[in-house]
Amino acid sequence: MSAYIRPPHGSLTVDLAAQPLSQKGSRIANPLIEDKQAGPDGFQVSIEPATWRDLRAVAALEKVCFGRDSWPWPEILAALTFPGTIRLKAELEGQLVGFVVGDRRGRKDLGWVASVGVHPEYRRRGLGRQLLAACEHGLGTHRVRLSLRQTNEAALELYLQAGYSRVDLWPKYYRDGEDALVMERIVTT
Ligand SMILES: CC(C)(COP(=O)(O)OP(=O)(O)OC[C@H]1O[C@@H](n2cnc3c(N)ncnc32)[C@H](O)[C@@H]1OP(=O)(O)O)[C@@H](O)C(=O)NCCC(=O)NCCS
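The numbers in my numbering rise by one with no breaks, and the one at position 26 of the sequence shown is 46.
Have a look at this one:
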């Protein structure tokens, strides 16, 4: 049953029937983020489940990453608390530097990545790619979709590189009239 729909920079529909993957407590990954400036050791960034306790930090990161498109805090709280939603945070020394949200549509075996953002100071180090991959893994669906502003070149390149291809266009999807591209990846194990 779909219980919640959130359009702005991606749609978030939570399937209440879907079984949430084990999110609590388990560390999804502890990737060594490639640091193109700081030498071979790079940064140790953890990617793990976010909770309502991260509301303030996620809201701040949303603002930095999405500006006019950022979700208002009730939407962020919903994303952080709705059952079945995949919500992962990337932290460096306790500071939130990245975030991703995804949800499943059980019967269609379709997952949606509703939001992915990386703090500007930590971009181009592979973190967006890792968050996306961790979300896909958490979703566990055969197909994953997402939407983006047609002019969002960074996101487009990230998704193309991750194996997504364009499957649809939603005309005038954003408040300012910009079209949204819809992209999909078929996940092979
Ligand atoms: C899109 C975003 C999440 C990418 O995060 P990131 O951590 O910088 O991405 P990565 O370092 O993992 O990049 C992976 C690949 O994506 C592509 N890419 C990422 N940013 C790019 C940019 N600014 N220009 C061109 N290609 C880019 C590159 O192919 C890159 O691989 P490379 O660095 O080896 O060339 C980040 O720019 C962001 O938060 N943007 C604002 C929020 C947003 O638009 N989110 C997506 C909404 S749909």
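Idealized CB from N, CA, C, for every residue including glycine.
Keep in mind the model is a prediction, meaning the values are calculated, not measured.
- A contact between stretches requires three or more CB pairs, one per stretch, nearer than 8 Å, and the segment 199-207 meets this requirement with the segment 158-174.
- Counting along the chain, residue 148 sits inside the alpha helix (DSSP H) bounded by residues 147-159.
- Close CB contacts of residue 119 within its chain, under the 6 Å cut and outside five residues either way in sequence, are with 78, 81, 109, 137 (chain order).
- The beta-carbon distance between residue 158 and residue 122, rounded to whole angstroms, is 7 Å. This is short enough to meet the 8 Å contact definition.
- In the DSSP annotation of this structure, the continuous segment of the alpha helix (DSSP H) that includes residue 94 starts and ends at 93-101.
- The Cβ atoms of residue 96 and residue 154 do not sit closer than 7 Å to each other.
- Contact between residue 129 and residue 161 holds: CB atoms are separated by about 5 Å, below the 8 Å threshold.
- Checking the 6 Å criterion, the Cβ of residue 198 is out of range of every heavy atom belonging to ligand 1.
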